[in-house]
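To start, the structure under review is shown below, and the notes come after it.
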Amino acid sequence: MRYGIIGTGMMGCEHIRNLAQLPGAEVKAIADPHEASRVQAQQAYEERGSVAVFADYREMLTQSPLDAVIIASPNHTHAEVLDPVFNSGLHVMVEKPMCTTLADCRSVAERAARHPGVFWVGLEYRYMATVAAFLDKLKEGAVGDLKMLFIREHRFPFLPKVGDWNRFNRNTGGTLVEKCCHFFDLMNLAMGCEPVRVFASGAQDVNHLDESYDGETPDILDNAFVIVDYENGARGCLDLCMFAEGSRYEQELVATGDGGKLECTVPGSELITCTRQYRDWASQPIPADPRVLHTGFHHGASYLEHVEFMEAVRTGTPARVTAQDGVRSALIGLAAHRSIEEGRVVTLSELNTAP
């Protein structure tokens, strides 16, 4: 299957390295306006061969024979880049967040529904081994009726990007969209129903305050608590801190129901199951998925999303990570930012019915 890559920064090159190890995949072309990014992309694939190189992705779409396109350009460009990609009819995987505004999310979802090719959103955290096992166990009823889901991410600050575009909400959608759409996607999967209300508290307290870009200080949040109420009465809570570099685990997930409790970590290799009896818990080892040939930045999750994306293209089966997943995960983040800005509970219906 012949791939073109649009945007060859850190995530674009991560996709290239995964595709270089994926049987049946061939990167034919790359496109990025930044010369250093184009060079690093060629280096990422050099053991497999050469690629056609473009500064303009539109030229790549018209001049290269492709089956699929991976969009890993900056968040705020996704909607614009997707327009000619949709017109091309090619299969497409677009990095998360799918879009940075509700209007763009809606527009892209409408076009994706009519698109003849596979449309896939890069929410790969669901493919991490312990997380996938965690979600499977919840579906099997491991905690009974799920009532509470807690997700903690304590990690390092946002990494440098070309021009540090990720320092500003207008480019990223805001931290709770840019980064946390992953966790809201996991909440949605675990709950199996729609979110209805969001309340959040957050701020930029530590990171990037000493930076300046054309006289402007970055405005991205570096910590937050987000509570999400679901239509079934269950609730999720996100605890985010991006100045916690020394943490033992980057992510921790805890699900509690009327029948017990389930825990996992990333990185990690086990599930902890707890009953309702005092200190009655057990550890279950979770092996790595044997299909993974490249672990990369996300513990093999990006490789597995490519395995399943290719399978969907080859078999004509529906995408497992859809445009609606992209909308729903971004929508919670957008509601959380509004909640912080306005100091109140925000209902999802407010955003869904907004013009």
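All the letters of the sequence shown, read from the start, carry residue numbers -18 to 336 under my numbering.
Virtual Cβ for every residue (Gly too), placed ideally from N, Cα, C.
The model shown is predicted, which means the values in this text are computed figures rather than measured ones.
Taken atom to atom, the span from the alpha-carbon of R(-2) to that of E105 is near 15 Å.
Restricting attention to Q232, T(-11), M41, the CA atom closest to the CA of E16 is found in T(-11).
Within the same chain, K77, P78, S310, A311, G314 come within 6 Å of C162 by CB-CB distance, once the 5 residues on both sides are set aside. Contact between A6 and Y(-16) holds, since their C-beta atoms are separated by about 6 Å, short of 8 Å. Scanning S193, Y211, E159 for the CA closest to the CA of C174 turns up Y211.
Three or more beta-carbon pairs drawn from the region 127 to 138 and the region 217 to 231 are found closer than 8 Å, and the two stretches are therefore classed as touching.
Secondary structure at C162: helix, using DSSP grouped into helix, strand and coil. With contacts defined as CB atoms closer than 8 Å, A215 and M172 qualify as a contacting pair. Contact annotation: the region 174 to 183 touches the region 315 to 334, with at least three C-beta pairs closer than 8 Å.
Rounded to the nearest angstrom, the Cβ distance from H72 to D37 is 21 Å, too far for a contact under 8 Å. DSSP links S182 through a beta bridge to F206.
In the DSSP secondary-structure assignment, G217 is bridged to L130, V209. Under DSSP, G241 shares a beta bridge with G238.
Out of L274, V308, V102, F149, the CA that lies nearest to the CA of Q185 is found in F149.
Along the length of the region 29 to 82, whole alpha helix (DSSP H) runs at least 4 residues long occupy 38 to 44, 59 to 69, reported in chain order.
At the C-beta level, V75 and G98 stay beyond 8 Å of one another. Remark: C-beta atoms of S54 and I(-13) approach each other more closely than 8 Å. Excluding its 5 nearest sequence neighbours in each direction, R151 has no C-beta neighbour in its own chain below 6 Å.
Annotated three-state conformation of F139 is coil, per DSSP. Rounded to whole angstroms, the separation of the alpha carbons of V302 and R107 is 10 Å. Less than 8 Å divides the Cβ of A90 from the Cβ of A304.
The Cβ-Cβ distance between G249 and T81 does not fall below 8 Å. By the beta-carbon neighbour count (other beta carbons within 10 angstroms, threshold 16), D13 is buried. Here C86 carries a helix assignment [DSSP, helix/strand/coil]. Boundaries for Q258: no alpha helix (DSSP H) harbours it, and the DSSP string shows neither H nor E there. By the Cβ criterion, the region 57 to 68 is not in contact with the region 24 to 36, since fewer than three pairs of Cβ atoms, one from each stretch, lie closer than 8 Å. Pairing V327 with A316, the inter-Cα distance amounts to about 6 Å.
Taking the CA atoms as reference points, G144 sits about 19 Å from E(-5).
Cβ-Cβ distances below 6 Å link M41 to G(-15), A10, A12, F35 in the same chain, with the five nearest sequence neighbours on each side left out; the list follows chain order. T153 is the residue among H275, T153, M109, P4 whose C-alpha sits nearest the C-alpha of P199. Secondary structure at E286: helix, using DSSP grouped into helix, strand and coil.
According to DSSP, residue pairing for V327 in a beta bridge involves V179. Take L332, set aside five residues on each side of it, and the residues of its chain with a beta-carbon closer than 7 Å to its own are L83, L312, L315, A316, in chain order. In this structure L243 is buried. Its beta-carbon is surrounded by 16 or more other beta-carbon atoms within 10 angstroms. Ranked by Cα distance from H287, the first of Y194, M(-8), M(-9), L3 is L3.
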